[in-house]
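Enquirer:
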Amino acid sequence: MVGEPKSRLHGLLVGLALVAGALFALAAWLMLTYVQPRYLGWIGLIGLFDLAGAVGGLVLAGQMKARLRDPVTGLYNRGFLEGELQREIERARRYRRSLTLLTLAVEEARSETGLNDVTLRAVAGVLLACTRGSDTPCRSGPGEFTLLLPETDAVGATTLARRIHDLIDRRAQAGTLPVTAHLGLASFPAYPEVPALLEAAARAAKQARSKRTVLEISLAAIPGGRAGASS
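397 is the number of the first residue of the sequence shown in this note's numbering; add one for each residue after it.
(1) Enumerated in chain order, which unbroken segments of the alpha helix (DSSP H) with a length of 4 residues or greater are wholly contained in the segment 527-587?
(2) Is the Cβ-Cβ distance between T532 and E480 less than 8 Å?
(3) Identify the continuous beta strand (DSSP E) that holds V502 and give its terminal residues.
(4) Run through DSSP, which three-state label would R490 get?
(5) Using the C-alpha atoms, what's the distance from R489 back to R567?
(6) Report the option in K602, G470, I560 whose CA atom is closest to the CA atom of R535.
(7) Pull up the DSSP beta-bridge partners for R465, would you.
(8) Smallest Cα separation from P574: which of G510, P546, G537, A597?
(9) Measuring CB to CB, does L543 end up less than 8 Å from L594?
(10) In this structure, does DSSP put E589 in helix, strand or coil?
(11) Suppose the cutoff is 6 Å on Cβ atoms and the five residues either side in sequence are ignored; what does the same chain contact list for S583 look like?
(12) Our contact map puts G580 next to A553 with C-beta atoms below 8 Å; I'd like the distance itself, whole angstroms only.
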């Protein structure tokens with residue numbers, strides 16, 4: 397799901413702009429081929445309005461797209477995550493599929509001011525390198541990243557979490573990414589609604605962080621049951 401574009405509205409606006417541009421090109425061809433000279437001024441004016449509408453549609457589409465992105469990392473932001481998670485929950489419920497959220501609480505070593513922009517972009521690069529095209533990495537908070545993983549159960553998400561950790565660990569040892577990452581998982585249908593699933597994944601990441609180990613993966617407790625395993 398990292399592929400472009402994901403917003404239905406964004407796609408609709410781009411499509412309308414392209415249609416408007418095609419209509420303008422057709423109008424210009426007809427004008428030059430068939431129309432009497434005395435009407436050229438009026439048709440040209442109409443064509444200019446058409447072109448202005450096409451350009452405005454593209455600009456609006458770009459603005460809508462920018463609102464869905466974190467300006468530092470280029471990943472999708474929390475607002476997009478919440479909307480996309482709602483759609484994926486509905487799809488998972490309809491087709492009885494797996495769905496897991498993987499939340500990373502990231503801390504920069506030897507820093508009391510939080511993560512800087514270079515580090516944030518480096519963490520985003522790790523997530524993009526480790527995920528599939530159907531996954532959606534997002535920056536969900538100042539020091540928090542969340543991956544939306546369709547068609548993935550807790551076992552598969554744990555495998556991905558270890559892969560992310562291994563890459564972060566290699567870069568940390570090389571001195572290029574001095575951070576620690578603590579990961580929390582929560583899955584549908586144990587948490588069947590958007591707020592509960594987001595909260596459960598974030599809570600599991602916070603529990604992992606409290607243990608202060610380099611790698612800690614916590615699985616959110618099943619409602620009404622025991623807490624999930626940590627590793």
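Where is the CB? At the ideal position from N, CA and C, for every residue including glycine.
Just so you know, these numbers come straight off a predicted model, no measurement behind them.
Expert: Reading off the structure:
(1) Unbroken alpha helix (DSSP H) stretches of 4 residues or longer found wholly inside the segment 527-587: 550-569, given in chain order.
(2) Their beta carbons are under 8 Å apart, which means T532 touches E480 by this criterion.
(3) Annotation for V502: the continuous beta strand (DSSP E) segment containing it runs 495-504.
(4) Secondary structure of R490 (DSSP, three-state): helix.
(5) If I take the Cα positions, the gap works out to 38 Å.
(6) Restricting attention to K602, G470, I560, the CA atom closest to the CA of R535 is found in G470.
(7) Y472, per the DSSP bridge assignment.
(8) For the options G510, P546, G537, A597, the alpha carbon positioned closest to that of P574 is the one of G510.
(9) Taking 8 Å as the Cβ cut-off, L543 and L594 do not qualify as a contacting pair.
(10) Three-state result, E589: coil.
(11) Cβ neighbours of S583 beyond the five flanking positions: T496, A550.
(12) Contact flag wrong, Cβ pair sits at about 10 Å.
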